[in-house]
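Following: one structure in structure tokens, then a few remarks.
2 protein chains.
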Amino acid sequence: MHNPHATMDDIARECGLSKKTVSRVFCDSTAVKKATRDKVMEVAKRLRYEVNILARNLNQNQSGFIGVATPLDAMLPGNYFAEIFQGFRRAIPDESGYIFALFDTNSESFNDGEKLAKLYRQRRVDGLLVVALHTHDRFVGTLEQVHVPMVIVGEKSANRSVCSVFCDDEFGINQLCSYLYSLGHRRIAFVQGSNEYATSLRRKETFLQFMKSKGLEIPSGYIQPGDNSPRSGRAAAQILLQTTPRPTAIMAGNDAMAIAIMETLRAHNVRVPEDISVTGFDDDTASRQCSPLLTTAHQPISDMGEFGARKLIYAINSKTLPRGNTMMEPSLIIRESTASPRP
Amino acid sequence: MHNPHATMDDIARECGLSKKTVSRVFCDSTAVKKATRDKVMEVAKRLRYEVNILARNLNQNQSGFIGVATPLDAMLPGNYFAEIFQGFRRAIPDESGYIFALFDTNSESFNDGEKLAKLYRQRRVDGLLVVALHTHDRFVGTLEQVHVPMVIVGEKSANRSVCSVFCDDEFGINQLCSYLYSLGHRRIAFVQGSNEYATSLRRKETFLQFMKSKGLEIPSGYIQPGDNSPRSGRAAAQILLQTTPRPTAIMAGNDAMAIAIMETLRAHNVRVPEDISVTGFDDDTASRQCSPLLTTAHQPISDMGEFGARKLIYAINSKTLPRGNTMMEPSLIIRESTASPRP
DNA sequence: TTGTAGGCGTTATCAG
DNA sequence: CTGATAACGCCTACAA
């Protein structure tokens, strides 16, 4: 369908040089006479030559690809993945020569890790960045045995020896709780994120512990299930509106649900924050654009991505496995959606 | 850092067979005696052998990667890319053996196409799916010369000979316009999408033509700039609220802006659709979750993705270049955000 | 500064 | 059905 790609042989022949000299030019390594180099470059340009990465990779036993594994359905829409990925790209920019390959951990038979392990054994990827690990994912165990350089971003790995970078959920939730408490709230409801992420559970647990530590009761119906989607936020809000006693504050496991909750409340003529305060978690872009602006916990998402990717690249380059669990601290962002409860 | 991967040689030696026979087993092609095959498989399993894709690819001169090029900053957040990508995956599932590699066309020096062309010449990708082509992107021209198998999804390619799959914007806008017109609207404002996409301009142009064809005036200020973001929708709404005469309907170039417009109107105690009707474009998931539900034009986004990806794969397999421009028809989705204007 | 020989792990060709 | 030999295009080691 088109001229076969030119090879080093073609250039060498054309220049009356050996293959190796041409090779040297493109590794821009060891010394080559300037005249020779120029000539090679000129011919290369004319022939539209590019190094055949396939051959180079075979020779060097590396693929030049970094695998990014995540449940695509849940992660692609919204901002979370986009921000993490921005972080990845800061750590591994185009100039690095690495390319990102996208894998869907939701895909059938992916979560046992066998497929990802295979990708590594096949040398399709040099390392793996795992985003938003599912609690039911089995692959961490599998992958560990394969010794894939791997970093989990956004979730704490159950297995200590697997490298992960995540956010201190407990700290964030405690900050939000304390803030609401200091405003005078005592009847606080909680809308939980998806059961599929350990993070969601940790946030809820922390909330429960806080309430307990303050000796506060949690009326039945105050803990609502959810799945991080606006839809589930709306559903929870509908129920909470009819719960007696009505809560004076609602904490949501993430911003998307919090925003949906605010909209639902407003649609029922319940004012935020005058009648009910609402908080989120993540500090998603949307939390800075909704009305009222959302009080939330800022998660340094893209920094987590960047840090994780740096660890991975470092490990790959040094032919070691990435190590250590890094917890990044969220910060309380007070905006307009919270106020003291009405007397 | 770990045992070197086993190779076919290892297996051949262990089995007392030749490399080629082992190879045959893994190509599951030509006949191999069952006993031989079983033995090979058993040893392979024991040695945790996986075919070295690097070597296979070199031999077959293919990378097994499909490049997906898109302006990541704009496309990753939200639903549009996610839906297109779903379509890609329907056409090119995991079982196909292909993997998606992600490229950012926003990245410096990417939009002239040189970098993408290079990726192909380097054989890092076997083909390219381009999502959301920028008007300022120069790369189509460059890539055409390289004879990269390439399909543009979501935008009409300026160059006829480049394959593209896109939505019939004119049809969609005309449907929306006609519907509003039939409801009795005469003072219709338009909030334009980002200048960076030809689609946005085409939608606006179609609107202008419709108005002209009906002999309707367009008061100054009725055409508002925007960039597809909620933020720009809000800004436009603020201005339109103060424009006299006030429009009875506002058409937005996409759903995200339309939803932001509705929220802004409501925040100013202007009811939708009683006081002002609002329409979107795309039929994004959000348009089915906002309140009131948004009247819009449904774009078969994931189908566009699937169709485009099928064309690409077919071309790659048949060693041809994908051809033809396919226009998919949007459909009018009437929901709650539109009504007859008040007398 | 340049060239030669050999290997990376797979597959194709053509015998046997 | 199986095997020897040569390719794929690059790079490293060692000479010259």
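Taken in order, these protein sequences are the chains called V and R.
Mapped onto my numbering, the consecutive letters of the first sequence carry residue numbers 157 to 499.
Mapped onto my numbering, the consecutive letters of the second sequence carry residue numbers 157 to 499.
Ideal Cβ positions, reconstructed from N, Cα and C, are used throughout, including at glycine.
(request) Name, in chain order, the residues that DSSP records as bridge partners for G223 of chain R. (result) R:A257 and R:L284
(message) With a threshold of 6 Å on Cβ separation, who are the neighbours of L289 of chain V within its own chain once the five nearest residues in sequence on each side are excluded?
(response) I308 and E311
(request) Output, in chain order, the set of chain V residues within a Cβ distance shorter than 8 Å of G269 of chain R. (result) Per Cβ cutoff of 8 Å: no residues; G269 of chain R is ~13 Å from chain V at best.
(message) Just verifying my parser: in three-state terms, what is the DSSP assignment at I417 of chain V?
(response) helix
(message) Assuming contact is defined by CB atoms lying nearer than 8 Å, are C323 of chain V and M484 of chain V in contact in what I supplied?
(response) yes
(message) With a threshold of 6 Å on Cβ separation, who are the neighbours of L228 of chain R within its own chain once the five nearest residues in sequence on each side are excluded?
(response) D260
(request) State the start and end residues of the unbroken alpha helix (DSSP H) segment that holds T177 of chain R. (result) K175 to F182
(message) In the DSSP output, which residue or residues are listed as bridge partners for L488 of chain R?
(response) R:A453
(request) Please name the residue in R:T441, R:T399, R:C446 and R:S263 whose C-alpha comes closest to that of R422 of chain R. (result) R:C446
(request) Select from the region 193-215 of chain V all residues with a C-beta closer than 7 Å to any C-beta belonging to chain R, and list them in chain order. (result) R204, E206, V207, N208, I209, L210, A211, N213 and L214
(request) With a cut-off of 8 Å on the beta carbons, I'd call N521 of chain R and G349 of chain R a contact; round off their distance for me. (result) Residue 521 of chain R lies beyond the residue range present for chain R, which begins at 157 and ends at 499; the question has no answer from this structure.
(request) Report all residues from its chain with a CB closer than 7 Å to the CB of N410 of chain V; omit the five preceding and five following residues, and keep chain order. (result) G349, N384, G436, F437 and D438
(request) Please look up how many angstroms separate the CB atoms of R277 of chain R and V318 of chain R, rounded, as I've assumed it's under 8 Å. (result) Actually they do not touch by this definition, with Cβ atoms about 18 Å apart.
(request) Check the Cβ of I255 of chain R against every Cβ in chain V and list those closer than 7 Å, keeping chain order. (result) A257 and R280
(message) I'd like to know whether the C-beta of K274 of chain R is nearer than 8 Å to at least one C-beta of chain V.
(response) yes
(request) Please confirm whether I167 of chain V and V196 of chain V have their CB atoms less than 8 Å apart. (result) yes
(message) Does any residue of chain V have a CB that is nearer than 8 Å to the CB of S356 of chain R?
(response) no
(message) Per the DSSP calculation, C319 of chain R is bridged to which residue(s)?
(response) R:V307
(request) For the region 362-369 of chain R and the region 413-433 of chain R, state whether three or more C-beta atom pairs, one from each stretch, are separated by less than 8 Å. (result) no
(message) So that I know if they touch, is there some Cβ in chain V lying closer than 8 Å to that of G480 of chain R?
(response) no
(message) Between which two residues does the beta strand (DSSP E) holding F437 of chain R run?
(response) Note, F437 of chain R: premise wrong, no beta strand (DSSP E); not H, not E.
(message) The alpha helix (DSSP H) that contains I240 of chain V, what's its start and end?
(response) Y236 to A247
(message) In chain order, what are the residue ranges of uninterrupted alpha helix (DSSP H) at least 4 long that sit wholly in the region 325-369 of chain V?
(response) 325-339 and 354-369
(message) Against chain V, which members of the region 439-454 of chain R pass a CB distance test of less than 9 Å?
(response) T441, A442, Q445, C446 and S447
(request) Decide if T226 of chain V is buried, meaning its Cβ has at least 16 other Cβ atoms within 10 Å, or exposed. (result) buried
(request) Would you tell me roughly how many angstroms separate the C-alpha atoms of L397 of chain V and I379 of chain V, rounded to the nearest one? (result) 13 Å
(message) I need the DSSP call for I209 of chain R, collapsed to helix, strand or coil.
(response) helix
(message) Given this structure, state the Cα-to-Cα distance separating T192 of chain V from Y205 of chain V, to the nearest angstrom.
(response) 16 Å
(message) Let me check understanding here. Comparing Cα to Cα, which of V:V321, V:L477 and V:H454 lies closest to F463 of chain V?
(response) V:V321
(request) Spell out whether any CB of chain R is found under 8 Å from the CB atom of M407 of chain V. (result) no
(message) For the alpha helix (DSSP H) containing I167 of chain V, name the first residue and the last one.
(response) M164 to C171
(message) Strictly under 8 Å for the Cβ-Cβ distance: is N262 of chain V near chain R by that measure?
(response) no
(request) Flag G234 of chain V as yes if its beta-carbon sits less than 8 Å from any beta-carbon of chain R, otherwise no. (result) yes
(request) Would you decide whether N215 of chain R is buried or exposed? Buried here means 16 or more other CB atoms lie within 10 Å of its CB. (result) exposed
(message) Please report the straight-line C-alpha distance between K475 of chain R and R294 of chain R, rounded to a whole angstrom.
(response) 25 Å
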